[in-house]
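Each residue of the sequence shown is one higher than the last, beginning at 136 in this note's numbering.
Ideal placement from N, C-alpha and C gives every residue a C-beta, glycine not left out.
Just so it is clear, the structure is predicted and the values come from calculations on it, not from any experiment.
Below is one structure, written out as structure tokens; comments come after it.
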Amino acid sequence: MKQKIVINCDSKLTRVALLENNKVAEIYFERPLHQRLVGNIYKGVVENVLPGMQAAFVDVGEEKNAFYYVDDIPQPKDAQTNGKKMRVQHLLHPKKEVLVQVMKESIGSKGARLTGHITIPGRYLVLMPGLNYVGVSRRIESQQERERLKKEMEDLYPPGVGVIVRTVAEGTDPENLKSDLDSLLRIWKNINKLFQKEKAPALLYRDLALVNRIVRDLFNDYVEEMVVDNKEEYHKILGNLAYFSPHLKNRLTYYDKKEPIFDYFQIEEEIERSLNRMIWLKCGGYLVFDETEALTAIDVNTGKYTGKRNLEDTILKTNLEAVVEIARQVRLRDIGGIIIIDLIDMDSPENRRRVVEKLKQEMNKDRTKSQVLGITSLGLVEVSRKKVKQSISEVMLQPCAYCHGKGKTLSLEAVSSKVERELKKMLLRKDVEAILVETNSEVAALLIGSGGAYLKKLEASTGKNIFIRGSDNLHVEKYSILMSGPLQEVARHALPVVEGGIYRVQVEEPHSTNPDHGIARLHGYVLDIEDGGELVGEEVQVVIKETTRTFAKAVLWKRTTLEDNEF
Numbered sequence: 136m137k138q139k140i141v142i143n144c145d146s147k148l149t150r151v152a153l154l155e156n157n158k159v160a161e162i163y164f165e166r167p168l169h170q171r172l173v174g175n176i177y178k179g180v181v182e183n184v185l186p187g188m189q190a191a192f193v194d195v196g197e198e199k200n201a202f203y204y205v206d207d208i209p210q211p212k213d214a215q216t217n218g219k220k221m222r223v224q225h226l227l228h229p230k231k232e233v234l235v236q237v238m239k240e241s242i243g244s245k246g247a248r249l250t251g252h253i254t255i256p257g258r259y260l261v262l263m264p265g266l267n268y269v270g271v272s273r274r275i276e277s278q279q280e281r282e283r284l285k286k287e288m289e290d291l292y293p294p295g296v297g298v299i300v301r302t303v304a305e306g307t308d309p310e311n312l313k314s315d316l317d318s319l320l321r322i323w324k325n326i327n328k329l330f331q332k333e334k335a336p337a338l339l340y341r342d343l344a345l346v347n348r349i350v351r352d353l354f355n356d357y358v359e360e361m362v363v364d365n366k367e368e369y370h371k372i373l374g375n376l377a378y379f380s381p382h383l384k385n386r387l388t389y390y391d392k393k394e395p396i397f398d399y400f401q402i403e404e405e406i407e408r409s410l411n412r413m414i415w416l417k418c419g420g421y422l423v424f425d426e427t428e429a430l431t432a433i434d435v436n437t438g439k440y441t442g443k444r445n446l447e448d449t450i451l452k453t454n455l456e457a458v459v460e461i462a463r464q465v466r467l468r469d470i471g472g473i474i475i476i477d478l479i480d481m482d483s484p485e486n487r488r489r490v491v492e493k494l495k496q497e498m499n500k501d502r503t504k505s506q507v508l509g510i511t512s513l514g515l516v517e518v519s520r521k522k523v524k525q526s527i528s529e530v531m532l533q534p535c536a537y538c539h540g541k542g543k544t545l546s547l548e549a550v551s552s553k554v555e556r557e558l559k560k561m562l563l564r565k566d567v568e569a570i571l572v573e574t575n576s577e578v579a580a581l582l583i584g585s586g587g588a589y590l591k592k593l594e595a596s597t598g599k600n601i602f603i604r605g606s607d608n609l610h611v612e613k614y615s616i617l618m619s620g621p622l623q624e625v626a627r628h629a630l631p632v633v634e635g636g637i638y639r640v641q642v643e644e645p646h647s648t649n650p651d652h653g654i655a656r657l658h659g660y661v662l663d664i665e666d667g668g669e670l671v672g673e674e675v676q677v678v679i680k681e682t683t684r685t686f687a688k689a690v691l692w693k694r695t696t697l698e699d700n701e702f
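Right under this line is the structure:
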């Protein structure tokens with residue numbers, strides 16, 4: 136598989152994309168002012184212990200207290216020996232100082248999640264203080280190489296620490312392993328010194344910034360090229376590579392073209408696509424993603440694809456293509472937690488097995504831990520994926536100020552009914568002869584009715600005068616009572632034009648029932664312009680001939696002048 140890493144840096148945001156076979160597989164974001172917490176090691180202080188939840192909240196000096204669950208708290212050696220786990224109230228108490236590491240970012244209203252099982256990643260190794268064994272990455276497939284690496288590390292690592300050999304260490308020599316181990320042991324020694332010295336809460340170790348993490352964790356022999364558009368970062372990366380992977384220096388490229396780097400590699404459009412609720416498949420089917428706080432539901436549909444042979448074959452092909460794209464989108468969007476995939480129902484058990492196996496195969500490309508369970512008789516597949524940080528939609532989107540996460544707005548009819556109720560309530564007051572209300576143009580049209588029929592009915596029922604102004608700039612759910620009081624005063628403010636007045640306006644659209652006429656608006660007030668239907672989009676001067684409460688009739692000013700000159 137061809138891999139490429141593309142890095143875009145600016146003062147506000149650093150973005151990194153991992154491409155596989157020239158398609159975006161993973162995307163990473165980091166704002167310089169809001170660096171991630173995962174991987175940071177703290178000296179924290181226990182704020183309170185919750186026996187009912189078997190957890191504690193720990194102050195680590197960040198905005199929110201972090202969550203520390205009992206399974207993530209190191210157990211005393213005697214508890215490990217007899218196999219009985221101690222409860223949280225026996226392990227922690229308020230004001231106790233603890234050495235902890237962030238394993239999951241703060242998301243929404245929840246604070247970060249902590250672990251007492253410290254891990255410090257290096258280029259070739261991951262150090263795990265407190266353990267005493269050597270592990271080798273499962274992604275190194277050669278058994279001979281696995282045994283070699285394990286033997287090398289068993290001769291190197293000191294007692295009291297565990298070590299995992301990373302995938303990138305495949306083929307590396309013992310000197311590189313020893314150098315990486317010595318560096319990690321120095322970091323661990325310094326963390327212990329700071330723990331004794333610093334007052335809690337305190338940050339003892341911060342994980343590398345995004346670009347350095349990418350170089351450490353992703354830039355290996357499988358990557359054909361790393362491209363970066365920032366000269367300073369380019370030279371920093373060269374310096375790092377000279378220290379631990381000199382053979383990769385010729386794969387690093389500085390991007391100096393005028394076209395933005397993410398546009399050049401067509402990454403920008405993939406990011407935009409990943410924010411869409413609907414994703415089309417090449418076969419004509421489509422996927423629908425619905426993310427909630429607890430889980431993500433993905434619906435598979437045949438869409439425009441009708442197949443060539445039979446229904447079962449059409450469904451199988453759509454489902455197979457769907458699971459490939461779902462696995463890619465899950466990685467790209469960084470969706471975590473529970474994922475429910477609603478596949479198109481298949482009658483054949485063999486076809487169901489093929490689809491699930493294909494999904495497992497594609498999910499195995501993901502470096503984040505995930506598990507694919509079987510398919511139910513309803514065609515549902517459950518996938519669990521470790522949630523470490525915010526998904527791409529949580530990073531790039533914010534809740535809608537209007538719908539507050541509902542994803543829908545009130546219908547025009549519902550809003551017009553709401554406005555009508557509000558008007559009737561206000562018009563009960565004896566000192567109110569007339570009222571001026573501004574609403575969205577479409578809502579205003581419903582309140583006025585065809586030829587003003589509904590407005591007349593509303594005025595007859597209330598015995599008051601109602602002026603309605605429509606505005607295209609108002610959200611469909613928003614409306615304002617601009618004025619209420621004596622009729623003469625409200626009317627003066629409600630009508631922005633006077634008969635005989637000359638005004639410059641833009642013709643917006645032809646009249647809905649008389650296309651020879653054009654429609655313009657002045658502060659939401661409708662002008663019906665005679666012979667203006669062919670002037671849509673143009674600015675014209677008009678003379679007001681007649682005003683009503685909801686619209687005015689107008690003619691073109693130049694035409695009026697010419698007619699006057701003829702007499």
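Problem set entry | Proximity winner among Gln138, Pro294 and Asp469, relative to Lys158 (alpha-carbon distances) | Position 23 of the sequence shown, counting from 1, holds the residue named residue 158. Answer by Cα proximity: Gln138.
For this session: Please report how far the alpha carbon of Pro395 lies from the alpha carbon of Glu404, in whole angstroms.
Result: Position 260 of the sequence shown holds residue 395. Position 269 of the sequence shown holds residue 404. Near 12 Å, if we compare the C-alpha coordinates of Glu404 and Pro395.
Problem set entry | Whole-angstrom C-beta distance between Gly471 and Arg520, which should lie under 8 Å | For the purposes of this step, residue 520 is taken as residue 385 along the sequence shown, with counting starting at 1. For the purposes of this step, residue 471 is taken as residue 336 along the sequence shown, with counting starting at 1. Yes, they are in contact, since the Cβ atoms of Arg520 and Gly471 sit about 5 Å apart, within 8 Å.
Problem set entry | Exposure of Lys165, with buried meaning 16 or more beta-carbon neighbours within 10 Å | Looking up residue 165 in the sequence shown gives position 30. The residue you asked about is not Lys; residue 165 is Glu in the sequence shown. By the 10 Å Cβ count, Glu165 comes out buried.
For this session: Check Pro264 in the structure and name its three-state DSSP category.
Result: On the sequence shown, residue 264 is found 129 positions in, with the first residue counted as 1. The answer is strand: DSSP assigns Pro264 an E or B state.
Problem set entry | Same chain only: Cβ atoms within 8 Å of Glu240, ignoring 5 sequence neighbours per side | The sequence position of residue 240 within the sequence shown is 105, counting from 1. Correct list, in chain order: Arg171, Leu172, Val173, Ala247, Val523, Lys524 and Gln525.
For this session: Excluding the 5 residues preceding and the 5 following Ile527 in the sequence, name in chain order all residues of the same chain whose CB lies nearer than 8 Å to its CB.
Result: For the purposes of this step, residue 527 is taken as residue 392 along the sequence shown, with counting starting at 1. Here Ile527 has Ile162, Phe164, Ile406, Ser409, Leu410, Leu467, Arg468 and Asp469 as same chain residues with Cβ atoms under 8 Å from its own Cβ, once five neighbours each way along the sequence are excluded.
Problem set entry | Three-state class that DSSP yields for Ile253 in the structure shown | In the sequence shown, the residue the question calls residue 253 occupies position 118. Three-state DSSP puts Ile253 in coil, outside helix and strand.
Exercise. DSSP beta-bridge partners for Arg189?
Worked result: As a working mapping, residue 189 is identified with position 54 in the sequence shown. The residue asked about is misnamed: residue 189 is Gln in this sequence, not Arg. According to DSSP, Gln189 shares a beta bridge with no other residue.
Problem set entry | Beta carbon of Ile349 nearer than 8 Å to that of Val141 | Position 214 of the sequence shown, counted from the first residue, corresponds to residue 349. Position 6 of the sequence shown, counted from the first residue, corresponds to residue 141. The answer is no: Cβ separation not under 8 Å.
Exercise. Hey, out of Asn156, Gly187, Arg684 and Pro264, whose CA is closest to Gln623's CA?
Worked result: The residue you call residue 623 lines up with position 488 of the sequence shown. Looking at the Cα atoms, Arg684 is the closest of the given residues.
Exercise. Among residues of its own chain, excluding the 5 on either side of Lys199, which ones have a beta-carbon nearer than 7 Å to its beta-carbon?
Worked result: Within the sequence shown, numbered from 1, the residue matching residue 199 stands at position 64. Here the set comprises Ser241 and Gly246.
Problem set entry | 8 Å Cβ cutoff met for Glu175 and Gln224 | Here residue 175 refers to the residue found at position 40 when the sequence shown is read from its first residue. Here residue 224 refers to the residue found at position 89 when the sequence shown is read from its first residue. The residue you asked about is not Glu; residue 175 is Asn in the sequence shown. Not in contact: Asn175 and Gln224 (Cβ atoms no closer than 8 Å).
Exercise. Would DSSP call Tyr357 helix, strand or coil?
Worked result: Working through the sequence shown from its first residue, we reach residue 357 at position 222. Note: Tyr357 maps to coil in three-state DSSP.
Exercise. Cβ atoms of Leu478 and Asn454: under 8 Å apart, would you say?
Worked result: For the purposes of this step, residue 454 is identified with residue 319 of the sequence shown, where counting begins at 1. For the purposes of this step, residue 478 is identified with residue 343 of the sequence shown, where counting begins at 1. It is a contact, given that the beta carbons lie within the stated cut-off.
For this session: For Ala432, I'd like the list of residues in its chain whose CB is within less than 6 Å of its CB, leaving aside the five on either flank, ordered along the chain.
Result: To locate residue 432, count along the sequence shown from 1; it is residue 297. Correct list, in chain order: Asp425 and Ile475.
For this session: In angstroms with no decimal places, state the Cα-to-Cα distance between Asp315 and Ala377.
Result: In the sequence shown, counting from the first residue as 1, residue 315 sits at position 180. In the sequence shown, counting from the first residue as 1, residue 377 sits at position 242. In a straight line, the C-alpha of Asp315 is about 14 Å away from that of Ala377.
Exercise. Could you check where the alpha helix (DSSP H) with Ile406 kicks off and where it finishes?
Worked result: Mapped onto the sequence shown, residue 406 falls at position 271. Residues Glu403 to Ser409.
Exercise. Quick one: what's got a C-beta closer than 8 Å to Arg463's C-beta in the same chain, skipping five residues either side?
Worked result: Within the sequence shown, the letter at position 328 stands for residue 463. Answer for Arg463: Lys158, Ala160 and Glu497, listed in chain order.
Exercise. DSSP on His225, reduced to helix/strand/coil?
Worked result: For this step, residue 225 is matched to residue 90 along the sequence shown. Helix.
Exercise. From Trp323 to Tyr204, what does the alpha carbon distance come to, in whole angstroms?
Worked result: On the sequence shown, position 188 is the one that residue 323 refers to. On the sequence shown, position 69 is the one that residue 204 refers to. Rounded to the nearest angstrom, the two C-alpha atoms are 23 Å apart.
Problem set entry | Neighbour flag for Leu670 against chain C, beta carbons, 8 Å | In the structure shown, chain C cannot be found, because there is only a single protein chain.
Problem set entry | Pair within 8 Å by beta-carbon distance, Glu289 and Val269 | As a working mapping, residue 289 is identified with position 154 in the sequence shown. As a working mapping, residue 269 is identified with position 134 in the sequence shown. Yes, the pair counts as a contact, with Cβ atoms nearer than the cut-off.
Problem set entry | Straight-line gap, Ala190 to Gly196 (C-alpha atoms, nearest Å) | For the purposes of this step, residue 190 is taken as the residue at position 55 of the sequence shown. For the purposes of this step, residue 196 is taken as the residue at position 61 of the sequence shown. About 19 Å.
Problem set entry | Environment of Lys178 [buried if 16+ CB atoms lie within 10 Å] | By one-based count along the sequence shown, residue 178 stands at place 43. Counting Cβ neighbours within 10 Å, Lys178 comes out buried, since at least 16 surround it.
For this session: Could you check what DSSP says for Gly270 in three-state terms: helix, strand or coil?
Result: In the sequence shown, the residue the question calls residue 270 occupies position 135. Correct three-state label for Gly270: strand.
Exercise. Around the Cβ of Lys599, are there at least 16 other Cβ atoms within 10 angstroms (buried) or fewer (exposed)?
Worked result: Position 464 of the sequence shown, counted from the start, is the residue given in the question as residue 599. Lys599 should be labelled buried.
Problem set entry | Per-residue burial, Tyr537 [other beta carbons within 10 Å of its own, 16 or more giving buried] | For the purposes of this step, residue 537 is identified with residue 402 of the sequence shown, where counting begins at 1. By the neighbour-count rule (16 or more Cβ atoms within 10 Å), Tyr537 is not buried but exposed.
Exercise. Does the Cβ of His652 have 16 or more other Cβ atoms within 10 Å, making it buried, or fewer, making it exposed?
Worked result: For the purposes of this step, residue 652 is identified with residue 517 of the sequence shown, where counting begins at 1. Classification for His652: buried.
For this session: From the DSSP output, in three-state form, read off Cys144 for me.
Result: Along the sequence shown, read from residue 1 onward, the residue named residue 144 stands at position 9. Looking at Cys144 - three-state DSSP - the assignment turns out to be strand.
Exercise. Between the segment 556-576 and the segment 619-635, do at least 3 Cβ pairs fall closer than 8 Å?
Worked result: yes
Exercise. Got a sec, what are the start and stop residues for the beta strand (DSSP E) Leu422 sits in?
Worked result: Stepping through the sequence shown from its first residue, residue 422 is reached at position 287. Leu422 -> beta strand (DSSP E) spans Tyr421 to Glu426.
Problem set entry | Exposed unless 16 or more other CB atoms sit within 10 angstroms - verdict on Gly667 | Here the question's residue 667 lines up with position 532 in the sequence shown. Flag for Gly667 reads buried.
Problem set entry | Identified DSSP bridge partners for Lys139 | Within the sequence shown, the letter at position 4 stands for residue 139. Answer is Leu154 and Glu360, bridged to Lys139.
Exercise. What is the DSSP secondary structure of Asn436, reduced to helix, strand or coil?
Worked result: Position 301 of the sequence shown, counted from the first residue, corresponds to residue 436. If DSSP states are grouped into helix, strand and coil, Asn436 belongs with the strands.
For this session: Would you mind sorting Asn143 into buried or exposed? The rule is 16 or more other CB atoms within 10 Å of its CB.
Result: On the sequence shown, residue 143 is found 8 positions in, with the first residue counted as 1. Buried, since its Cβ has 16 or more Cβ neighbours within 10 Å.
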